[in-house]
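Single-structure report; data block below.
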Amino acid sequence: MTSNGRTAEFATARRRSFQESGCESVQDILNIAATAEAFAVTALGGALESAADGTLALSEEAIQSLQAARAAEQAHYEFLIDNGAEPLTTTFTIPDEALLTDPATFLTTLITLEEAFIAAYIAAAQQFVAQGEDKLARVALQIGAVEAEHRAGVRFFAIEAGVIEGVPNDVAFEQALYGSVSEAAAALEELGFIDGEGTEVEYPGPGEIDMELVRNREP
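For the numbering used here, add 39 to where a residue sits in the sequence shown, where the first one is 1.
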């Protein structure tokens, strides 16, 4: 599919996903979530490759944490696919090469993305509850909790590297940034990771995914 074709499909899904009732369809939520998880797996694969070849200077502990985070994102993706999700695209763009070469750019961007993922799953849980999808609401909370762990972990390494100040666990309540999951999808697109200017990367990205690094691989 061409870049313009992916843009049109993504935009169509976002428009369709918010109905007159104020509820997004379960299918569209699953599709958008799967797209985001595919992106996370792919982006982390690229970062880990850059760290391995010395292009992105990260500590060994940070690398190990990111490897585990990538495995968790892959588990999320597999759950969504097993439950009928169809990713809107599995081709992504790296809008700024500094993301794979500059630790400060990488870490601060990753914190922003984790906050977006947390907020997306908060919105998903609300939508699932409204539609009586209790199991999916529970899983959305389970995934969102793991994304919050990732945020705290990335903040720890960013603080350790002198990139940001404060403490890793710096919030009493996670931010509910979006009223719908489609808003989170739009944010990912606006950041340039879908049909943006830059290098195209395909899911799942480079390198093996070691699923043994995480437990509870099914909800």
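By construction, the Cβ of each residue, glycine as well, lies at the ideal position given by its N, Cα and C atoms.
Check                                                                                                              : Outcome
Would you call the stretch 204-220 and the stretch 107-120 touching, i.e. three or more CB-CB distances under 8 Å? : no
Quick one: what does DSSP say I133 is sitting in, helix, strand or coil?                                           : strand
Where does E204 fall in DSSP's three states?                                                                       : coil
Buried or exposed: where does E239 fall if 16 or more other Cβ atoms within 10 Å of its Cβ makes it buried?        : exposed
Helix, strand or coil for R53 per DSSP?                                                                            : The pLDDT assigned to R53 is 48, lower than 50, so where the model puts this residue is not dependable, and the model offers no usable value.
Do you know whose CA, among A91, Q66, A163, L175, lies nearest P258's CA?                                          : L175
Give the straight-line distance between the Cα atoms of P142 and V193, rounded to the nearest whole angstrom.      : 11 Å
Tell me the rounded alpha-carbon separation between T94 and D173.                                                  : 44 Å
Is it true that the CB of T147 sits closer than 8 Å to the CB of A197?                                             : yes
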